[in-house]
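Below is one structure; the comments refer to it alone.
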Ligand SMILES: [Zn+2]
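In the numbering used here, the protein residues as written are 299 to 630.
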């Protein structure tokens, strides 16, 4: 059977914040059992995107259906992007003994300013808060849905690392990986890449929605990864701040590598070049996380491995940029 494709509409950014609006993305639909399901209004919906569901259209209003499709679409895109980078299926951590149970997305979870990945419940719980018309929904955020799905992916690739609850550096790396997944997933889409190049004038070191994670939901504790945070200066007990040492370093590599490639290639299609560059760096990150055998990760270990992978791919320029960025942050 051929892979079925479907174009769906998602928000490139939360509708409460964005001038980006809804954009079309092209999804490949799973051939067999769907790895992700949506739980909403007491229903567990198995294959939201494939068939017409009178029971769903009767049950949910248009706005809810938009939310469900966005949430489901971004989560599935995140998983499929990771699988494409690794060249193999990603098996959720709870399926390691041969089961085939889906990840469950809860788009309208509790009233709270938060979102969670809960391994024990196989769940991504996306909360909502505030009073209409200013109510905010985590499920409408590209960043938050991608970030929480990335937690499930990280757990699938390195379940023991995921469970290192008291190791602050392991916790920071996990958060950094999830934030970087948001950036890489965003740049895997043509229309979103175009948008970023337009608003930054093709200079990724400029501030943009690309590097502000969850801006719509967390205005008071916004996380911008386009910053220089040094390993020996950061407060390591604050995992999100600590995570920016790693995510910020990787973002700087992306920005510098793109700048280098732009100057070298003199292309008239910078969008395709950015998609390619971003994909190369994402692949190195995913391969490093997926293949590492140490019982716990450190930033220095991962950076050294990534630079090594870049050399294996015959890319000394990228290896040099990785080292340079993390020497500046005093990680290596
Ligand atoms: Zn997180």
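Think of the CB as a built atom: it goes at the ideal place given N, C-alpha and C, for glycine as much as any other residue.
Residue 639 - partner residues in DSSP beta bridges: Missing from the structure shown is residue 639; the chain here goes from 299 to 630 and no further.
As assigned by DSSP and simplified to three states, the class of residue 299: Working through the chain shown from its first residue, we reach residue 299 at position 1. Low local confidence applies: a pLDDT of 45 at residue 299 is under 50, so the model's placement there is unreliable, and no value is given.
Alpha-carbon spacing of residue 496 relative to residue 398, whole angstroms: The residue given as residue 496 occupies position 198 in the chain shown. The residue given as residue 398 occupies position 100 in the chain shown. Cα to Cα, the separation comes out at about 42 Å.
Reduced DSSP secondary structure (H/G/I, E/B, other) of residue 628: As a working note, residue 628 is residue 330 in the chain shown. Assigned with DSSP and collapsed to three states, residue 628 falls in coil, not helix or strand.
Burial state of residue 366 (16 or more Cβ within 10 Å): In the chain shown, counting from the first residue as 1, residue 366 sits at position 68. Buried.
Segment limits, beta strand (DSSP E) that includes residue 335: For the purposes of this step, residue 335 is taken as the residue at position 37 of the chain shown. Unbroken beta strand (DSSP E) run through residue 335: 334-338.
Residues near residue 372 by beta carbon distance below 7 Å, same chain, minus five either side: Within the chain shown, the letter at position 74 stands for residue 372. Counting only Cβ-Cβ distances below 7 Å, and skipping sequence neighbours, we find 308, 440, 443 and 444.
Local conformation of residue 311 per DSSP, three classes: Along the chain shown, read from residue 1 onward, the residue named residue 311 stands at position 13. Looking at residue 311 - three-state DSSP - the assignment turns out to be coil, as it is neither helix nor strand.
Reduced DSSP secondary structure (H/G/I, E/B, other) of residue 388: By one-based count along the chain shown, residue 388 stands at place 90. Of the three classes helix, strand and coil, the one that applies to residue 388 here is coil, per DSSP.
Within 8 Å, strictly: CB atoms of residue 375 and residue 323: Position 77 of the chain shown, counted from the start, is the residue given in the question as residue 375. Position 25 of the chain shown, counted from the start, is the residue given in the question as residue 323. A contact, by the Cβ cut-off of 8 Å.
Alpha helix (DSSP H) segment containing residue 403, residue limits: As a first step, residue 403 must be located in the chain shown, where it is residue number 105. No alpha helix (DSSP H) contains residue 403, which is instead part of the beta strand (DSSP E) from 401-404.
Top-ranked residue by Cα proximity to residue 470, from 446, 573, 619 and 595: In the chain shown, counting from the first residue as 1, residue 470 sits at position 172. Ranking the options by Cα distance to residue 470, first place goes to 595.
Pair within 8 Å by beta-carbon distance, residue 333 and residue 377: Translated into positions along the chain shown, residue 333 becomes position 35. Translated into positions along the chain shown, residue 377 becomes position 79. Yes; because the gap between Cβ atoms is below 8 Å, this pair is in contact.
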